[in-house]
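Numbering (this note's numbering), first residue to last: 515 to 870.
Everything on this sheet refers to the single structure shown next.
Right, here's the structure in full:
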């Protein structure tokens with residue numbers, strides 16, 4: 515594998531999203547308790563007190579230090595389906611493809627028959643799913659991620675962003691990333707990372723489509739949800755975990771790299787566009803010795819703390835168990851605009867209320 519680049523080229527581009535293929539599906543991931551992982555999918559539950567409805571998002575950063583997802587709304591279909599006060603959402607159920615909802619008060623390790631699992635007809639249309647986010651109106655955005663074979667998902671679906679409508683609960687294609695090649699035996703993946711910024715009502719999405727073990731062709735794009743325009747592209751980065759954080763000196767998009775155990779970031783301007791050079795903030799090789807090829811699958815900010823969920827990843831369809839996840843926490847040093855490790859990592863079996 516070639517040496518990973520330490521900087522990334524940024525270019526501004528406005529593009530009209532291409533028409534997505536006729537497929538659909540949905541999913542949501544918040545983490546609590548024991549997490550069962552399959553590849554880059556996850557399970558979790560939605561806590562009602564974090565479902566603050568926002569009638570209108572501001573056009574620029576609020577300037578408050580911390581994460582930028584506090585406006586996330588409760589999906590309105592949850593009330594109609596009887597899950598408003600107990601909503602759990604998962605894409606890693608072993609007996610289901612796609613998204614399901616369940617009674618979030620019941621531990622995810624409980625017998626599925628006792629968890630009141632429900633799946634709408636369209637929620638498995640895109641096959642197996644990976645990361646997801648919820649916007650201020652309760653719409654859920656997700657992407658297809660194969661687990662055992664490329665045939666887990668419809669042809670042409672790996673670079674499609676899907677949306678589950680907050681009102682109808684229908685999963686439909688939302689945007690297709692243009693110019694992305696299909697999955698192959700060298701790299702069966704497309705979209706792997708996704709995060710939402712309340713301040714600008716925008717998604718940041720990472721895809722590794724076209725990359726191989728020897729060649730890094732991935733990119734991160736920014737999508738304005740109101741206009742469905744794809745604007746910024748960060749070229750030359752294969753990434754998995756993504757999250758935005760408002761620091762003392764401004765916002766940064768944090769990135770878990772797919773080719774090393776590093777977390778990097780790029781500065782965002784007031785409108786949410788990437789600017790400046792990509793930098794490496796954390797190198798985790800010496801902290802993660804549990805398994806080979808550790809990569810940051812998910813980044814979560816809880817006030818001024820950062821939690822990293824780390825799993826093995828080598829561009830192949832290797833399922834991972836919950837024992838193959840390491841969780842690390844860092845605190846934000848505002849004076850230095852940097853991250854300080856907590857005294858110890860959090861075992862995967864600990865019950866921790868973490869919201870991405």
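Positions of the beta carbon are idealized from the N, C-alpha and C atoms, including for glycine.
- Per DSSP, residue 818 lies in no alpha helix (DSSP H) and is assigned neither H nor E.
- When the Cα atoms are used, residue 585 and residue 712 turn out to be separated by approximately 6 Å.
- Residue 666 carries a helical assignment under DSSP once its states are collapsed to helix, strand and coil.
- In the structure shown, residue 628 adopts helical secondary structure according to DSSP, grouped into three states.
- In this structure, DSSP gives residue 593 a helical state, which the three-state scheme calls helix.
- By the CB criterion at 8 Å, residue 775 and residue 579 fall outside the cutoff.
- Taking the C-beta atoms as reference points, residue 632 is found no nearer than 8 Å to residue 648.
- In chain order, 707, 708, 709, 718, 719, 720, 734, 767, 768, 769, 770, 813 place their CB closer than 8 Å to the CB of residue 756, counting only its own chain and leaving out the 5 sequence neighbours on each side.
- For the pair residue 725 and residue 685, the CB atoms are not nearer than the 8 Å cut-off.
- Residue 635 sits in a helix when the DSSP states are folded into three classes.
- Per the DSSP secondary-structure output, residue 728 pairs with nothing in a beta bridge.
- In this structure, the straight-line span from the alpha carbon of residue 778 to that of residue 794 is close to 4 Å.
- Distance from residue 704 to residue 723 at the Cβ level is roughly 4 Å; contact confirmed, criterion being Cβ atoms closer than 8 Å.
- Per DSSP, the continuous beta strand (DSSP E) segment holding residue 708 begins and ends at 705-711.
- Between the beta-carbon of residue 754 and that of residue 810 there is about 6 Å, and that keeps the pair under the 8 Å contact cut.
- Between the C-alpha atoms of residue 773 and residue 828 there is a straight-line separation of about 8 Å.
- In terms of Cβ geometry, residue 658 and residue 683 do not form a close pair [threshold 8 Å].
- Secondary structure of residue 686 (DSSP, three-state): strand.
- The shortest C-alpha to C-alpha distance from residue 598 to any of 627, 587, 693 is the one to 587.
- A Cβ-Cβ separation of about 20 Å leaves residue 600 out of contact with residue 681 under the 8 Å criterion.
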